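Below is one structure, written out as structure tokens; comments come after it.
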Amino acid sequence: MTHGHDHGASAGQHRGALLTALAITTAVLVTGVVGAALTGSLALLADAGHALTDAGGLLVAVVAATLALRPATARRTWGLRRAEVLGATLQAAVLLAVGLVVVVEGVRRLVDPPPVLTGGMVVYGVVGLVGNLAAFAVLRRAGAGSLNLRAATLEVAVDGIGSLGVLLAALVIATTGWLQADAVVSLLIGALIVPRTVLLLRETVDVLLESTPRGLDLDEVREHLLRLPHVLGVHDLHATSVASDLPVLTAHVVLDESCFNDGHAPAMLDDLQRCASQHFPVRVVHSTFQLESAAHADHEHEVHA
Numbered sequence: 203m204t205h206g207h208d209h210g211a212s213a214g215q216h217r218g219a220l221l222t223a224l225a226i227t228t229a230v231l232v233t234g235v236v237g238a239a240l241t242g243s244l245a246l247l248a249d250a251g252h253a254l255t256d257a258g259g260l261l262v263a264v265v266a267a268t269l270a271l272r273p274a275t276a277r278r279t280w281g282l283r284r285a286e287v288l289g290a291t292l293q294a295a296v297l298l299a300v301g302l303v304v305v306v307e308g309v310r311r312l313v314d315p316p317p318v319l320t321g322g323m324v325v326y327g328v329v330g331l332v333g334n335l336a337a338f339a340v341l342r343r344a345g346a347g348s349l350n351l352r353a354a355t356l357e358v359a360v361d362g363i364g365s366l367g368v369l370l371a372a373l374v375i376a377t378t379g380w381l382q383a384d385a386v387v388s389l390l391i392g393a394l395i396v397p398r399t400v401l402l403l404r405e406t407v408d409v410l411l412e413s414t415p416r417g418l419d420l421d422e423v424r425e426h427l428l429r430l431p432h433v434l435g436v437h438d439l440h441a442t443s444v445a446s447d448l449p450v451l452t453a454h455v456v457l458d459e460s461c462f463n464d465g466h467a468p469a470m471l472d473d474l475q476r477c478a479s480q481h482f483p484v485r486v487v488h489s490t491f492q493l494e495s496a497a498h499a500d501h502e503h504e505v506h507a
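Positions in the sequence shown are counted from 1; adding 202 to them yields the working numbering.
Written as structure tokens, this is what we have:
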């Protein structure tokens, strides 16, 4: 038995803000790559790699917001919500490689630092910082109603730190002549990229493997459901995520025989769904419960935990 569902805020919201931030971040990315090529600065190249992280994340958010507007079909009953996860997985794998290359090259340049043009570093660093601030302002004005938007805002904010690092490296080299400052800043930027991409990769793989959503303890869910009046047992309890913001929970719930005799089962279904949507850190707004009598256990082919 199922009940009416509210899938939460549409993933198609805030597309305008995301598209604007994507355009700004892409311009910053291109500027950083050109600047790194002209100045020889690894810090600028690392910052461009960080901008690539942001552009990739924003692109995934935009694509997800667009695809999520497509209606479900008989073949794709969830529409194309999972496209967000597939795109993010590819993005994380590519960006992890970028971050590792930056770290390896940074270590090499600590030993043998090449000359860099500090004036160009300052120019392109300022351009990157201004672009990051503009994108951050656009996303902040759009609010924080969606997970995609909050993640994108965080990405841009951290990238702004990378641009500040480029300016700091240029200042240190210009005033002290210590060329290793460029490599040190690039290593710090790489340290920002690698952990975030590893975490993103873990999260997307968890979704693809249909792991239980983080923050949702199924033992706690089972215990809470069993405390409801007339509930005798809970089995075949599963929780997965269709997309990052769409957790799904299903369960077989054994009710007292009286619930079926006196017509109380529909009210029990309301209680079960209210429990799933209100009592746990992860709010499950899409839940499906199969209500059974104790006698139905004899007809189950295989009962899972």
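Where is the CB? At the ideal position from N, CA and C, for every residue including glycine.
It should be emphasised that the depicted structure is a prediction, and the values quoted were computed from it without experimental measurement.
Other residues of its chain near residue i: CB distance less than 8 Å, five sequence neighbours each side excluded
| i | result |
| --- | --- |
| Leu254 | Leu231, Leu297 and Val300 |
| Ala497 | Glu459 |
| Val340 | Ala219, Thr222, Ala223 and Ile226 |
Any non-hydrogen atom of the ligand ATP closer than 7 Å to residue i Cβ
| i | result |
| --- | --- |
| Ala376 | Absence of the ligand ATP is noted for the structure shown, with no ligands found whatsoever. |
Neighbourhood of residue i by C-beta, 7 Å cutoff - its chain only, sequence neighbours within 5 removed
| i | result |
| --- | --- |
| Ala337 | Ala223, Ile226, Thr227 and Val358 |
| Ala478 | Leu451, Val486 and Ser489 |
| Thr320 | Ala372, Ile375 and Ala376 |
| Val484 | Pro415, Gly417, Leu418 and Pro449 |
| Phe462 | Ser495 |
| Leu428 | Val436 |
| Leu370 | Val387 |
| Leu514 | The structure shown does not extend to residue 514, since the chain is modelled only from 203 to 507, so the question has no answer here. |
| Asp256 | Thr227, Glu357, Val358 and Asp361 |
Residues near residue i by beta carbon distance below 6 Å, same chain, minus five either side
| i | result |
| --- | --- |
| Glu459 | Ser495 |
| Pro273 | none |
| Leu335 | none |
| Leu510 | The first residue shown for the chain is 203 and the last is 507, placing residue 510 beyond what the model contains. |
Beta-carbon separation (whole angstroms), residue i vs residue j, contact threshold 8 Å
| i | j | result |
| --- | --- | --- |
| Leu493 | Leu434 | Contact flag wrong, Cβ pair sits at about 11 Å. |
| Arg424 | Leu439 | 6 Å |
| His437 | His454 | 5 Å |
| Leu430 | Asp473 | 6 Å |
| Ala354 | Gly259 | 6 Å |
From the options, residue whose alpha carbon lies closest to that of residue i
| i | options | result |
| --- | --- | --- |
| Glu307 | His432, Arg476, Gly242 and Phe482 | Gly242 |
| Leu246 | Phe462, Ala385 and Glu422 | Ala385 |
| Ala285 | Thr279, Arg277, Thr275 and Ala270 | Ala270 |
| Leu244 | Thr275, Asp464 and Val387 | Val387 |
| Arg342 | Ala497, His498 and Ala219 | Ala219 |
| Val287 | His466, Glu405, Arg476 and Phe491 | Glu405 |
| Val409 | Gln382, Val332, Asp447 and Leu428 | Asp447 |
| Leu292 | Leu366, Ala467, Thr399 and Arg476 | Thr399 |
| Leu381 | Asp464, Pro315 and His432 | Pro315 |
| His466 | Val236, Val304 and His432 | His432 |
| Pro317 | Ala383, Leu366, Phe491 and Val235 | Ala383 |
| Thr268 | Phe491, Asp464, Gly281 and His481 | Gly281 |
Sub-8 Å separation of residue i and residue j beta-carbons
| i | j | result |
| --- | --- | --- |
| Ala290 | Val262 | yes |
| Glu412 | Thr442 | yes |
| Val368 | Gly322 | no |
| Val444 | Arg283 | yes |
| Leu302 | Val407 | no |
| Leu403 | Ala295 | yes |
| Thr233 | Gly362 | no |
| Ala229 | Gly333 | yes |
| Val264 | Arg217 | yes |
| Val305 | Leu389 | yes |
| Phe491 | Glu422 | no |
Check your understanding: What are the uninterrupted segments assigned as alpha helix (DSSP H) that are 4 or more residues long and contained completely in the region 308 to 344, given in chain order?
Key -> Qualifying alpha helix (DSSP H) stretches, in chain order: 320 to 343.
Practice item. At 3 residues or longer, and completely inside the region 411 to 488: list those beta strand (DSSP E) runs for me, N to C. Key: Entirely contained in the region 411 to 488, the beta strand (DSSP E) runs reaching 3 residues are, in chain order, 433 to 445 and 448 to 457.
Point to revise | Entirely enclosed alpha helix (DSSP H) segments - the region 221 to 292, minimum 4 residues | key: Counting only runs of 4 or more, we get 244 to 269.
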